[in-house]
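> Please find one structure pasted underneath; my questions will follow.
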Amino acid sequence: MKYSSTRGGVSDVTFEEALFTGYAADGGILLPVSIPTVNKATLEKWRELSFQDLATEIVSLFISETEIPKEDLQCLIKNAYASFSVPEVAPVARLKDDVTILELFHGKTWSFKDVAMSCVGQFYDYFCSKRKQHYTIVVGTSGDTGSSAIEAVRGLEWVDIVVLLPRGRCAKVQELQMTTVLEDNVHVFRVDGTSDDTDLAIKPLFMDAEFRTRHRLTSINSINWCRIMVQVVHYFYAYFQMSSDVDSPVEIVVPTGACGNVTAGCIASKMGLPVRLVCAVTCNDIVSRALSSGDYSVSQTVTPTLAPAMDIQVPYNMERIWYIFTLGSI
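Residue numbers for the sequence shown, in the UniProt record's numbering: 1 to 330.
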């Protein structure tokens with residue numbers, strides 16, 4: 001599998017290169033050149049798998065065996081989920097009125113982002129150890145991304161992580177999760193502004209190819225394709241827990257900020273999973289306005305809410321969603 005930019009100026013990118021790439025050199029973000037599709041027989045086979053084995057099957061569609069042999073991939077994924085509090089990784093809780101909750105809070109930081117981030121950390125360790133090269137991860141966060149990223153890479157020999165968190169705009173628990181880590185490879189800074197402001201400050205670092213290469217910078221925000229790829233898995237897993245067959249559509253409501261998670265759902269749908277996606281947003285509603293009326297105007301302020309991770313006015317993964325559903329004609 002190779003990857004290309006949503007803006008057409010970068011192509012023929014390997015998975016390893018995609019893992020270490022933030023924004024593409026043309027300012028776009030990476031997607032696979034084609035989305036693999038799965039037939040009914042494959043879905044029937046997959047519904048019997050554990051979360052870990054399902055992750056191995058799905059992720060292997062996006063990574064060449066010459067980059068990560070399947071046996072190594074299976075080991076990396078099992079290691080990623082070894083610290084989760086339940087063996088199912090993401091069990092479902094059935095409520096009344098046909099409502100089911102997919103529990104994505106069994107990782108170390110209790111954030112859904114642990115599900116993908118734990119794998120990303122394993123992949124970084126795998127490739128950095130092979131390269132014998134040190135990399136610095138730069139992360140802007142509204143809370144859950146930073147704490148989850150820190151847990152994924154803390155203590156790794158070949159990786160340092162720099163986290164920028166907006167002063168007074170993170171949940172207290174998540175701020176403490178970030179600021180109380182004592183590993184030498186973890187560096188956390190409070191900054192003025194919002195999480196969108198941190199993203200705007202970080203993007204120029206990745207657009208300067210010489211600077212990025214010289215300092216070996218990489219990103220673990222959801223501009224990183226690997227995050228999206230692993231999140232595809234929990235859509236399939238949730239569907240298999242909900243449906244008694246592989247034909248009936250299931251509606252999945254997705255809390256939405258920067259649109260990384262719902263982008264993974266869109267890819268799962270394109271692969272052949274019969275799901276209908278609903279974006280749930282806060283009063284910072286640019287995604288709702290864009291999808292319902294085509295209004296993609298950015299508000300002047302980000303309103304703090306009880307869900308800081310969703311308080312975003314620049315959902316950069318919308319670019320991926322537009323690309324997926326227009327077949328690149330944007």
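Cβ atoms here follow ideal geometry from the backbone N, Cα and C, with glycine treated the same way.
Using DSSP with H/G/I as helix, E/B as strand and the rest coil, what is His134?
Position 134 of the sequence shown, counted from the first residue, corresponds to residue 134. DSSP places His134 in coil when its eight states are reduced to three.
> Can you give me the Cβ contacts of Phe211 inside the same chain, cut-off strictly under 7 Å, excluding the 5 residues immediately before and after it?
One-based indexing of the sequence shown puts residue 211 at position 211. Taken in chain order, the residues that qualify are Leu205.
> Taking the alpha-carbon of Val115 as reference, which of Asn79, Phe127, Tyr126 and Lys96 has the nearest alpha-carbon?
Your numbering for residue 115 matches position 115 in the sequence shown. That would be Asn79, whose Cα lies nearest to the Cα of Val115.
> Within the segment 99 to 186, note down every full beta strand (DSSP E) run reaching 3 residues or more, in order along the chain.
The qualifying runs are 100 to 102, 135 to 140 and 159 to 166.
> So is the beta-carbon of Gln313 under 7 Å away from any non-hydrogen atom of the ligand COA?
As for the ligand COA, it is missing from this structure, which has no ligand bound.
> Going by other Cβ atoms of all chains shown within 10 Å of its Cβ, with 16 needed for buried, is Asp144 buried or exposed?
Here residue 144 is taken as the residue at index 144 of the sequence shown, counted from 1. Buried, by the Cβ-count rule.
> Please classify Tyr296: is it buried, with 16 or more other beta-carbons within 10 angstroms of its beta-carbon, or exposed?
Taking the sequence shown and counting its residues from 1, one reaches residue 296 at position 296. Exposed, since its Cβ has fewer than 16 Cβ neighbours within 10 Å.
> I need the straight-line Cα distance from Val163 to Asp245, nearest angstrom please.
Stepping through the sequence shown from its first residue, residue 163 is reached at position 163. Stepping through the sequence shown from its first residue, residue 245 is reached at position 245. Whole-angstrom Cα-Cα distance: 43 Å.
> Assign Pro87 to buried or exposed, taking buried as 16 or more other Cβ atoms, counted over all protein chains shown, within 10 Å of its Cβ.
The residue you call residue 87 lines up with position 87 of the sequence shown. Exposed, because fewer than 16 other Cβ atoms sit within 10 Å of the Cβ of Pro87.
> Three-state secondary structure (DSSP) at Tyr23?
Along the sequence shown, one-based indexing puts residue 23 at 23. Coil, per DSSP.
> By how many angstroms is the C-alpha of Thr141 removed from the C-alpha of Ala82?
Counting from 1 along the sequence shown, the entry for residue 82 is found at position 82. Counting from 1 along the sequence shown, the entry for residue 141 is found at position 141. Going by the C-alpha atoms only, they are around 25 Å apart.
> Beta-carbon separation of Ile137 and Ile101 under 8 Å?
Here residue 137 corresponds to residue number 137 of the sequence shown, with the count starting at 1. Here residue 101 corresponds to residue number 101 of the sequence shown, with the count starting at 1. It is not a contact, given that the beta carbons lie outside the stated cut-off.
> Restricting to runs no shorter than 3 residues, where is the beta strand (DSSP E) found entirely within the segment 16 to 101?
Here the runs fully enclosed are 30 to 32 and 92 to 94.
> Tell me whether the segment 243 to 258 and the segment 124 to 134 touch, counting them as touching only if at least three CB pairs, one residue from each stretch, are closer than 8 Å.
Judged by Cβ distances under 8 Å, the segment 243 to 258 makes no contact with the segment 124 to 134, as fewer than three pairs qualify.
> Quick check: the segment 256 to 263 against the segment 309 to 328, are at least 3 beta-carbon pairs closer than 8 Å?
A contact exists between the segment 309 to 328 and the segment 256 to 263.
> Determine the DSSP secondary structure at Ile220, reduced to helix, strand or coil.
Taking the sequence shown and counting its residues from 1, one reaches residue 220 at position 220. Of the three classes helix, strand and coil, the one that applies to Ile220 here is coil, per DSSP.
> Inspect the CB distances between the segment 102 to 113 and the segment 189 to 197 and report whether three or more fall short of 8 Å.
Because the criterion of three Cβ pairs below 8 Å is not met, the segment 102 to 113 and the segment 189 to 197 do not touch.
> Roughly how many angstroms lie between the CA atoms of Ile146 and Leu31, to the nearest whole one?
For this step, residue 146 is matched to residue 146 along the sequence shown. For this step, residue 31 is matched to residue 31 along the sequence shown. Ile is not the amino acid found at residue 146; the sequence shown has Gly there. Whole-angstrom Cα-Cα distance: 23 Å.
> Between the C-alpha atoms of Val92 and Ala238, what's the straight-line distance to the nearest angstrom?
On the sequence shown, residue 92 is found 92 positions in, with the first residue counted as 1. On the sequence shown, residue 238 is found 238 positions in, with the first residue counted as 1. So the two alpha carbons sit approximately 7 Å from each other.
> If you measure between the beta carbons of Ile29 and Ile223, is that distance less than 8 Å?
Taking the sequence shown and counting its residues from 1, the one referred to as residue 29 is at position 29. Taking the sequence shown and counting its residues from 1, the one referred to as residue 223 is at position 223. Going by C-beta atoms, Ile29 is nearer than 8 Å to Ile223.
> Quick one: is Val287 buried, meaning 16 or more other Cβ sit within 10 Å of its Cβ, or exposed?
Within the sequence shown, the letter at position 287 stands for residue 287. Buried, by the Cβ-count rule.
> Going by other Cβ atoms of all chains shown within 10 Å of its Cβ, with 16 needed for buried, is Ser149 buried or exposed?
Counting from one through the sequence shown, the residue named residue 149 turns up at place 149. The sequence shown places Ala at residue 149, not Ser. Label assigned to Ala149: buried.
> Locate the alpha helix (DSSP H) running through Pro204, then write down its first and last residues.
Taking the first residue of the sequence shown as 1, we reach residue 204 at position 204. Counting along the chain, the alpha helix (DSSP H) containing Pro204 begins and ends at Ser195 to Met207.
> Residue range of the beta strand (DSSP E) that Arg276 falls in?
Numbered from 1 along the sequence shown, position 276 holds the residue referred to as residue 276. From DSSP, the beta strand (DSSP E) with Arg276 extends over Val275 to Ala280.
> CB Arg227 to CB Gln133, shorter than 8 Å?
Position 227 of the sequence shown, counting from 1, holds the residue named residue 227. Position 133 of the sequence shown, counting from 1, holds the residue named residue 133. No, these two residues do not count as a Cβ contact at 8 Å.
> Kindly indicate the opening and closing residues of the alpha helix (DSSP H) around Ile324.
To locate residue 324, count along the sequence shown from 1; it is residue 324. Unbroken alpha helix (DSSP H) run through Ile324: Met318 to Thr326.
> Would you mind sorting Ser118 into buried or exposed? The rule is 16 or more other CB atoms within 10 Å of its CB.
Residue mapping note: residue 118 aligns to position 118 of the sequence shown, counting from 1. The residue is buried, with at least 16 neighbouring Cβ atoms inside 10 Å.
> Name the DSSP bridge partner or partners of Glu251?
Locating residue 251 in the sequence shown gives position 251, where the first residue counts as 1. Its beta-bridge partners are Arg276.
> Assuming contact is defined by CB atoms lying nearer than 8 Å, are Phe112 and Glu67 in contact in what I supplied?
The sequence position of residue 112 within the sequence shown is 112, counting from 1. The sequence position of residue 67 within the sequence shown is 67, counting from 1. Going by C-beta atoms, Phe112 is not nearer than 8 Å to Glu67.
> With distances taken Cα to Cα, identify the nearest neighbour of Asn185 among Ile202, Arg154 and Ser219.
For the purposes of this step, residue 185 is identified with residue 185 of the sequence shown, where counting begins at 1. Of the candidates Ile202, Arg154 and Ser219, the one whose C-alpha sits nearest the C-alpha of Asn185 is Arg154.
> By the DSSP assignment, the beta strand (DSSP E) with Ser5 in it spans what residues?
Counting from one through the sequence shown, the residue named residue 5 turns up at place 5. Looking at the DSSP string, the run of the beta strand (DSSP E) that includes Ser5 is Tyr3 to Ser5.
> Would you call Ser5 buried or exposed, if buried means 16 or more other Cβ atoms sit within 10 Å of its Cβ?
Taking the sequence shown and counting its residues from 1, the one referred to as residue 5 is at position 5. By the 10 Å Cβ count, Ser5 comes out buried.
> Alpha carbon to alpha carbon, what distance is there between Ile324 and Thr265?
Residue numbering aside, residue 265 sits at position 265 when the sequence shown is read from its first letter. Residue numbering aside, residue 324 sits at position 324 when the sequence shown is read from its first letter. Checking the sequence shown, residue 265 turns out to be Gly, not Thr. One C-alpha to the other measures close to 11 Å.
> DSSP puts Val191 in a beta bridge; with which residues?
Within the sequence shown, numbered from 1, the residue matching residue 191 stands at position 191. Val191 pairs with Pro166.
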